[in-house]
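Asker:
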C-alpha cells in the first residue's frame, strides 16, 4: 500500500480557500486517491476520489499532477463547520481495507 | 434512507469481560468493515466481510472476531478485554468490494474498558 504524508495541522479563517497537499511517492498504477473528512465523535465521511488531473464535486476539488506522486484537496470558502480532520488515502479500488494515517486537523476560525 | 447504524453508542466494560458490537449497513450494501480508532489516531482496519465471508483481517489478536449475517448486518466480538481496547469502534459499509474506497461509516461505538 502506498504510504501518504500530509501536514499534521492547518489553520484558516472563514471564507478562505484551504489547500491540503498529500504526498504519495510510491503510488501504484492501479491506485486511486481518496479523501475523507471526520468530525469529533463521528465516523469518517467520503469527500472525493480521483485518479488523475482534476475532480470537482459540490464539496471540494482534487488536483492530481501528471506524475501522481502528490495530490491537493481544495476546500473553497471554508466555514467554521469545516473544522475537522481530513485524511488522504491511496489504494486500489479492490483493496479490502482503507488505510488511514494521522490525517490533517484543519481549524477554521471566525 | 437510514445510514449505517451501530449499537450501542457507548459502553463501559471491565477488564477481562466480553463485548459484542452491532452494525447494520445501508440497505443494499453487502460489504461491512470494522475499524478501531484510538484517540488522536486514524481508524485502523480490523475486519472486512462480504456476502457473509471474511475477506480481510487486520493486525489484531484472536480476541477479536466478527461475523456477518444473511441480512448483511454484522457483529464484532472482543474477548478478554484489555484497557488498551478502549476506543471508538467504527463500522463501514459499501456496495461491493470494488467500491470499498467509497465507504459509509456509522457514528461508532465508544467502548471504555476500566
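Residue numbers (the working numbering), protein chains in the order written: chain A, 5 to 114; chain B, 111 to 224.
Yeah, the Cβ is synthetic: ideal placement off N, Cα and C, and Gly gets one too.
Given a threshold of 16 other Cβ atoms within 10 Å of its Cβ, counted over all protein chains shown, does residue 209 of chain B qualify as buried or as exposed?
Answerer: If you number the second chain from 1, residue 209 of chain B lands on position 99. The residue in question, residue 209 of chain B, is exposed, as its Cβ has fewer than 16 Cβ neighbours within 10 Å.
Asker: Which one or two residues does DSSP pair with residue 93 of chain A in a beta bridge?
Answerer: Position 89 of the first chain holds residue 93 of chain A. According to DSSP, which records beta bridges pairwise, residue 93 of chain A is partnered with A:38.
Asker: Less than 7 Å between the beta carbons of residue 207 of chain B and residue 134 of chain B, yes or no?
Answerer: Within the second chain, residue 207 of chain B is the residue found at index 97, counting from 1. Within the second chain, residue 134 of chain B is the residue found at index 24, counting from 1. Not closer than 7 Å, so no.
Asker: Anyone know if the C-beta pair for residue 111 of chain A and residue 90 of chain A falls short of 7 Å?
Answerer: In the first chain, counting from the first residue as 1, residue 111 of chain A sits at position 107. In the first chain, counting from the first residue as 1, residue 90 of chain A sits at position 86. In this structure, residue 90 of chain A does not lie closer than 7 Å to residue 111 of chain A by Cβ.
Asker: Tell me where the beta strand (DSSP E) around residue 157 of chain B begins and ends.
Answerer: The sequence position of residue 157 of chain B within the second chain is 47, counting from 1. Counting along the chain, the beta strand (DSSP E) containing residue 157 of chain B begins and ends at 154 to 160.
Asker: Is the distance from the Cβ of residue 80 of chain A to the Cβ of residue 21 of chain A below 7 Å?
Answerer: Start at 1 with the first residue of the first chain, and residue 80 of chain A comes out as number 76. Start at 1 with the first residue of the first chain, and residue 21 of chain A comes out as number 17. Closer than 7 Å, so yes.
Asker: Expressed to the nearest angstrom, what Euclidean distance is found between the alpha-carbon atoms of residue 117 of chain B and residue 183 of chain B?
Answerer: Walking along the second chain from the start, residue 117 of chain B turns up at place 7. Walking along the second chain from the start, residue 183 of chain B turns up at place 73. The straight-line gap from Cα to Cα measures roughly 11 Å.
Asker: Take residue 88 of chain A as the anchor and find which of A:8, A:12 and A:7 has the nearest alpha-carbon.
Answerer: Translated into the one-based positions of the first chain, residue 88 of chain A becomes position 84. Out of A:8, A:12 and A:7, A:12 has the C-alpha closest to the C-alpha of residue 88 of chain A.
Asker: Hey, does residue 217 of chain B have any beta-carbon neighbour from chain A nearer than 7 Å?
Answerer: As a working note, residue 217 of chain B is residue 107 in the second chain. A Cβ of chain A is located within less than 7 Å of the beta carbon of residue 217 of chain B.
Asker: Out of curiosity, what's the CA-to-CA distance linking residue 205 of chain B and residue 138 of chain B?
Answerer: Here residue 205 of chain B is taken as the residue at index 95 of the second chain, counted from 1. Here residue 138 of chain B is taken as the residue at index 28 of the second chain, counted from 1. Roughly 7 Å separates the two Cα atoms.
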